[in-house]
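Below is one structure; the comments refer to it alone.
2 protein chains.
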Amino acid sequence: MPGVLLTASILPTTITGIEIDFNKGKGLVGQYNITEIARLCETSPATVSRVLNNPDIVAAPLRNRIKLKMEELGYRPNPFASRLSSQSRWGLALFVFDILNPFFALIVRRISHLAMEQHIPLTVCDTENNEEKERIYLDYLLDNKVGGIIFSEGISSTTIERARLSTETVLLDRHFQEGLISEVTSDNYQGGCQATDYLIQLNHCNIGFIGGPDGWTSAEDRYRGYRDTLERNDIPFRPELVYQGDLRFESGIGALEYFLTLPEWPSAIFSANDQMAFGVLTKANSMKISIPGDISLVGFDDIPLYSLYTTKLTAVQQNIEALCESSFKIMMTKISQEQDLEGMNREVNDRIVIPTKLKIGETCGKCLQRTG
Amino acid sequence: MPGVLLTASILPTTITGIEIDFNKGKGLVGQYNITEIARLCETSPATVSRVLNNPDIVAAPLRNRIKLKMEELGYRPNPFASRLSSQSRWGLALFVFDILNPFFALIVRRISHLAMEQHIPLTVCDTENNEEKERIYLDYLLDNKVGGIIFSEGISSTTIERARLSTETVLLDRHFQEGLISEVTSDNYQGGCQATDYLIQLNHCNIGFIGGPDGWTSAEDRYRGYRDTLERNDIPFRPELVYQGDLRFESGIGALEYFLTLPEWPSAIFSANDQMAFGVLTKANSMKISIPGDISLVGFDDIPLYSLYTTKLTAVQQNIEALCESSFKIMMTKISQEQDLEGMNREVNDRIVIPTKLKIGETCGKCLQRTG
DNA sequence: CCCTGTTATGAAAACGGTTTCAAAGTAGTT
DNA sequence: AACTACTTTGAAACCGTTTTCATAACAGGG
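Protein chains in written order, with the working numbering: chain A, 461 to 832; chain B, 461 to 832.
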C-alpha cells in the first residue's frame, strides 16, 4: 500500500542487504495453506485455488463449503506463492519529489485513497530530488512486478524512460517526450495567462515572475503563459524580472530579496507555486512591505491549507482532485486493457487537460502609477 | 512499499480484489533465472543461490565467475520465489496518522531515509485516523511477512495489539500498555513542565492549555506536566482553561475562539503541538489580538518550517532526529536478535526517553497584572 | 442407447528460488 | 597409507500457489 513505500531486495547492481530469518518466533500467522484447506474439505488444491480466483466455475455446494472453511480458519493465501506462480503484475506506485510540500502531500493522500478503495496496494516513493533514490525505488518496483507507476513533477527522465519500458506509466501534471506516455495536467499555460492577465487588468506592467527549476514542465508552461500574455498586451518582457526558484518556501524569500535589489521594484509578483508565494508573503511581512499595498502577489496551486493563514493568497487554482482521479482512472484503464487486448493498442496515449481557475484572495491591488 | 503503499491481496475478510495479468506485454524484464545462470556457469542453482546469500562459502574462482555472469546479464533474483522458499520476514512499516502534519511528514522522511540506507523497504501507512484503513494495511503487511512495524501516535490499540502478536513492534513517541512494547519517546512530561514553568516565571497564572484527543499519550504527558507544574507553584488548576483539540491547525483556531468567550481571558496559552499553536497565532492575527502583547503562546514540537514564518513561535523542542534514529536502531536490534536468539529474550523491551528543550521565540511576554 | 458437448474436478507440472543432505575433494595427523 | 576433519559442490526436496490437461459426470439430441 501506500506503501507503498518497500522491497525484497532493494539493491543497487550488487545483491546484498540484510535478510532476516525468524522461523521460530512470533509466527502464529499463516498456519494454513491451500493444501491443508483442500484436505479438510476433501477436495484438491486446484479447486480451492479456483474458489479464490474464479469462484463461479466451481459448483455452489463445494464452493460454499470451501469458503466457509477458509473463513473459519482465517486462512490467508500466501502472496509470494501466488505471485510467483501467476507471474502477474500487481500494485501501483506513485513517485513524488518532496512529500513535505503540501501540494504533493495532497496528491499522495488522494491517490492512496483511490488505490485503497480498489484494494490495490500503493507504494509511495519520496525521492527527495535524488536520482540514486529514484533508481533504488524503481529497481525495487520492477523486481516486484509493479502494475503501474504514476509520476509527478520532479522525477528524472532517466527513471521515467526506464519505467516506461517495463511497466504501465502515467504522468501527473507534467509532460514527457511528446505523446510517449499518457498524461493528465492542469492547464498550466492557461493558468499562467490568467494570473498575468489579472495583474495587467489591475494596471500592473512591472510584473515579476518566480519560476521553477529547469525541466519542470508545469512551471515552464506557467512561464510561457506569463510571457505570452505580456506580449499580447504589448508589455515588454524584462528578463531581470524573472527569478528562478526551486518551488520551496525559502525560495520565495530569496526571490523577494532579489526583487528588492532591482532599481525599480516590480509592482506585482506572480509565483509559479503557492509555497514560494507564501515565502514572499512572510518575508514581506517581516520587512514591513505591504502586500498588496506595495506589491501585489499571485500564487499557483491554491493549497487549501494556505487559505487559512493570515492573508488570503490570490492564486490560480489547480483541481487536485480531478488531476488525481483522472490519472488514476487512466492507469486503471491501461491496466485492464493489458488484460484484454494483450498490448494491441499500447501506443494510444491519453492526454487530459484540466482547466484552472483564478481564485481572488487579498493579495492583489490596483497599480496606481504606471511605469516602464 | 514504500512501500507505500500496498498489497498482494489487501482485502478484508473476504478474498477479492482486481488481479491483473499481463504476461504478454512489456515484460522484457526478468529474463534470467537462477537455473539459467547456473547452466551458463556450468554449476548448480544451489551454488548460485549461495553466491547470492552467503558468498563466503563458495570458492573464490567459481564465485567470481558467477558474480560476473550475473552482472553481465543484469540478473535480478525474483523476490517472490526467494521469499516463498526462505520463509523469511523482511521489510519495515511505519504507521502515521496524518501525513499532512509536518511533524509526521518529518518522521516519515527521516525513517524512510534510514531504511533506505540499509536497503530495507519501508511501507508508509497513512491511516487518516481510520481504523478500517489500519486493518487493511495491517492485513497486507502481515500477509507479506513484514519484518517489523513502527507505530507513531494516533493508531488504535486494536491494531497495535494485533501487530505485536505477529511481528516486531516499536513505539515512536507514544506509550502502549506498560512495558509490552519497546518505546522511544520525548520527555513529554518534562516538556509540559518546561513550558508551564517558563510561563509562570513570566508572571502568568492564567494559563490556557490546548490538549490532544483522548488516548494520545504524548499529549496526555504534556498535560500532566502542565497540571503538576501549576500545582507545584500553588496556582489553582481551572478546568475551563483546558480545551481539547485534535492537534490540527483548525483546532487552534477553535481553541482561541473558545478562550475568548471566557469572562477572563487566559494571559497565556500552552498548546500541545505547533500546528494548533500556529492556528492560534493566525486567528489572533486576523482578530488583531496581539501575541505576545495580549496573550503569550507556547507550542510543542518546534517544527523547523514554522520557525520561518512571520512570528517565531516559542516552543518546546522535540528532537525528531533522535526519536527516529533511536526507534529505528531498536527495531534493527530486535530484528537481528530474532535471528540469533530465536525469541529467548523476547520480553526485554527498551524504553528510551529523549529530553526536550524549551526554545524561546517571540510569542511570549511578561504578564503585567496578576489575576486569579 | 449412443454420441456429443458441456461442466466440475483432480493430478501433476510449473513458478524461481532456498536448504538439506550426501558425496567428493583436500589437507593435516599419525 | 589410513584416518579424520573440513571445505566445496550438486541432487533433490520443498515453499504455496496457479494452470494445463485429462477425466469423469452429466445433459441433451437423435
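For glycine and all other residues, C-beta sits at the position ideal for the given N, C-alpha and C. Quick caveat, the model's predicted, so the values are computed rather than measured.
**Report entry** K743 of chain A (DSSP reduced to helix, strand or coil)
**Finding:** For the purposes of this step, residue 743 of chain A is identified with residue 283 of the first sequence, where counting begins at 1. Helix at K743 of chain A.
Report task. Locate the beta strand (DSSP E) running through K817 of chain B, then write down its first and last residues. Result -> By one-based count along the second sequence, residue 817 of chain B stands at place 357. Note, K817 of chain B: beta strand (DSSP E), 817-819.
Report task. Indicate whether at least one CB of chain B lies closer than 9 angstroms to the CB of Y600 of chain A. Result -> Here residue 600 of chain A refers to the residue found at position 140 when the first sequence is read from its first residue. Closer than 9 angstroms: yes.
Query raised in the report: Count the other CB atoms within 10 Å of the CB of L722 of chain A; is the residue buried (16 or more) or exposed (fewer)?
Result: Here residue 722 of chain A refers to the residue found at position 262 when the first sequence is read from its first residue. Classification of L722 of chain A: exposed, given that the 10 Å Cβ count is below 16.
Query raised in the report: From I790 of chain A to L560 of chain B, what does the alpha carbon distance come to, in whole angstroms?
Result: Here the question's residue 790 of chain A lines up with position 330 in the first sequence. Here the question's residue 560 of chain B lines up with position 100 in the second sequence. I790 of chain A and L560 of chain B: Cα-Cα distance of roughly 26 angstroms.
Query raised in the report: Can you find at least 3 beta carbon pairs, one from the stretch 736-746 of chain A and one from the stretch 656-667 of chain A, that sit closer than 8 angstroms?
Result: no
Query raised in the report: Which runs of the alpha helix (DSSP H) fall wholly inside the stretch 501-526 of chain A and span at least 4 residues, in chain order?
Result: 505-513
Report task. Could you tell me the distance, in whole angstroms, from the CA atom of I812 of chain A to the CA atom of G614 of chain A? Result -> The sequence position of residue 812 of chain A within the first sequence is 352, counting from 1. The sequence position of residue 614 of chain A within the first sequence is 154, counting from 1. The alpha-carbon atoms of I812 of chain A and G614 of chain A are separated by roughly 20 angstroms.
Query - Own chain, CB closer than 8 angstroms to L801 of chain A, minus 5 neighbours either side, in chain order - result: On the first sequence, position 341 is the one that residue 801 of chain A refers to. Because L801 of chain A carries a pLDDT of 48, less than 50, the predicted location of this residue cannot be relied on, and no value is offered for it.
Query - Minimum Cβ-Cβ distance from D603 of chain B to chain A less than 9 angstroms - result: For this step, residue 603 of chain B is matched to residue 143 along the second sequence. Judged by the 9 angstroms Cβ criterion, D603 of chain B is in contact with chain A.
Report task. Kindly say whether N538 of chain A, judged by its beta-carbon, lies nearer than 9 angstroms to any beta-carbon of chain B. Result -> As a working mapping, residue 538 of chain A is identified with position 78 in the first sequence. At least one chain B Cβ lies under 9 angstroms of N538 of chain A.
Query raised in the report: Any beta-carbon of chain A closer than 9 angstroms to the one on S616 of chain B?
Result: To locate residue 616 of chain B, count along the second sequence from 1; it is residue 156. Taking Cβ atoms only, chain A never reaches closer than 9 angstroms to S616 of chain B, which makes this a no.
Query - Sequence ranges, beta strand (DSSP E) only - wholly within the stretch 708-758 of chain A, length at least 3 - result: 728-731
Requested in this report: Quick one: give me the first and last residue of the alpha helix (DSSP H) that Y686 of chain A is part of.
Outcome: What you label residue 686 of chain A is simply residue 226 of the first sequence in a count that begins at 1. Per DSSP, Y686 of chain A belongs to the alpha helix (DSSP H) from 677-692.
Query raised in the report: Quick one, which of B:Y649, B:A775, B:K794 has its alpha-carbon nearest G821 of chain B's?
Result: In the second sequence, the residue the question calls residue 821 of chain B occupies position 361. Looking at the Cα atoms, B:A775 is the closest of the given residues.
Requested in this report: Taking T619 of chain A as part of the alpha helix (DSSP H), name the residues at either end of that continuous run.
Outcome: Along the first sequence, one-based indexing puts residue 619 of chain A at 159. Per DSSP, T619 of chain A belongs to the alpha helix (DSSP H) from 617-626.
Report task. Could you tell me whether the Cβ of R569 of chain A comes closer than 9 angstroms to any Cβ of chain B? Result -> In the first sequence, the residue the question calls residue 569 of chain A occupies position 109. Interface residue, yes.
Report task. Would you identify the three-state DSSP class for T583 of chain B, choosing helix, strand or coil? Result -> Translated into the one-based positions of the second sequence, residue 583 of chain B becomes position 123. In the structure shown, T583 of chain B sits in a strand (DSSP, three-state: E or B).
Report task. Within its chain, find whatever has a CB closer than 6 angstroms to the CB of A498 of chain B; leave out the 5 residues flanking it on each side and keep chain order. Result -> Mapped onto the second sequence, residue 498 of chain B falls at position 38. Excluding residues within five positions, the ones whose Cβ falls inside 6 angstroms are S504, P505, V508.
Query raised in the report: Which of the residues in the stretch 577-602 of chain B, read from start to end, lie with their CB under 8 angstroms from any CB of chain A?
Result: Q578, H579, I580, P581, L582, T583, V584, C585, D586, E588, K593, I596, Y597, D599, Y600, L602
**Report entry** Alpha carbon of F564 of chain A to alpha carbon of N693 of chain B, nearest angstrom
**Finding:** By 1-based counting over the first sequence, the position of residue 564 of chain A is 104. By 1-based counting over the second sequence, the position of residue 693 of chain B is 233. Looking at the two C-alpha atoms, the distance is approximately 46 angstroms.
Requested in this report: Go to Y703 of chain B, then tell me how far its beta strand (DSSP E) extends in each direction, as first and last residue.
Outcome: Locating residue 703 of chain B in the second sequence gives position 243, where the first residue counts as 1. Unbroken beta strand (DSSP E) run through Y703 of chain B: 702-704.
Query raised in the report: Which word fits I517 of chain A, buried or exposed, when buried means at least 16 other C-beta atoms lie within 10 angstroms of its C-beta?
Result: Within the first sequence, the letter at position 57 stands for residue 517 of chain A. By the beta-carbon neighbour count (other beta carbons within 10 angstroms, threshold 16), I517 of chain A is exposed.
Report task. Figure out for me which residue from B:V556, B:D761, B:N538, B:Q797 has the closest Cα to the Cα of I494 of chain B. Result -> As a working note, residue 494 of chain B is residue 34 in the second sequence. Closest option to I494 of chain B, Cα to Cα, is B:N538.
Requested in this report: Taking 9 angstroms as the cut-off, decide whether the C-beta atoms of L773 of chain B and I749 of chain B are in contact.
Outcome: Locating residue 773 of chain B in the second sequence gives position 313, counting from the first residue. Locating residue 749 of chain B in the second sequence gives position 289, counting from the first residue. Cβ atoms of L773 of chain B and I749 of chain B: not closer than 9 angstroms.
Query raised in the report: Per DSSP, E643 of chain A is paired with what?
Result: What you label residue 643 of chain A is simply residue 183 of the first sequence in a count that begins at 1. Beta-bridge pairing links E643 of chain A to A:L631, A:R811.
Query - Supposed contact pair G759 of chain A and S727 of chain A - C-beta distance, whole angstroms, cut 8 angstroms - result: As a working note, residue 727 of chain A is residue 267 in the first sequence. As a working note, residue 759 of chain A is residue 299 in the first sequence. About 17 angstroms separates the two Cβ atoms, so there is no contact after all.
**Report entry** Within chain B, the residues that I559 of chain A reaches when beta carbons sit closer than 8 angstroms
**Finding:** Counting from 1 along the first sequence, the entry for residue 559 of chain A is found at position 99. By Cβ distance, chain B contributes I559, A565, V568, R569.
**Report entry** According to DSSP, residues forming a beta bridge with I610 of chain A
**Finding:** Within the first sequence, the letter at position 150 stands for residue 610 of chain A. Answer by DSSP bridge pairing, in chain order: A:L554, A:V630.
**Report entry** Cβ neighbours of P454 of chain B in the same chain (closer than 6 angstroms, five flanking residues each side left out)
**Finding:** This structure does not reach residue 454 of chain B, given that chain B is present from 461 up to 832, and the question cannot be answered.
Query - Neighbour flag for P752 of chain A against chain B, beta carbons, 9 angstroms - result: Position 292 of the first sequence, counting from 1, holds the residue named residue 752 of chain A. No, P752 of chain A lies away from the interface with chain B (no Cβ there is under 9 angstroms from its Cβ).
Query - Where P562 of chain B falls, given that 16 or more other Cβ within 10 Å makes a residue buried - result: In the second sequence, counting from the first residue as 1, residue 562 of chain B sits at position 102. The residue in question, P562 of chain B, is buried, as its Cβ has 16 or more Cβ neighbours within 10 Å.
Requested in this report: Provide the residue span of the beta strand (DSSP E) that contains T774 of chain B, from first to last.
Outcome: Taking the first residue of the second sequence as position 1, residue 774 of chain B is located at position 314. Start and end: 774-777.
Query raised in the report: Got a sec: is the Cβ-Cβ distance from L544 of chain A to anything in chain B below 9 angstroms?
Result: Position 84 of the first sequence, counted from the start, is the residue given in the question as residue 544 of chain A. Yes, L544 of chain A lies at the interface with chain B (some Cβ there is under 9 angstroms from its Cβ).
Query raised in the report: What does DSSP give as the partner residues of D761 of chain A in its beta bridges?
Result: Counting from one through the first sequence, the residue named residue 761 of chain A turns up at place 301. DSSP output for D761 of chain A lists A:Q777 as bridge partner(s).
Query raised in the report: Which same chain residues, not among the five before or five after T816 of chain B, have their C-beta less than 7 angstroms away from its C-beta?
Result: As a working mapping, residue 816 of chain B is identified with position 356 in the second sequence. So the qualifying residues of the chain are S646, D647, Q650, G651, Q654, V776, Q777, Q778.
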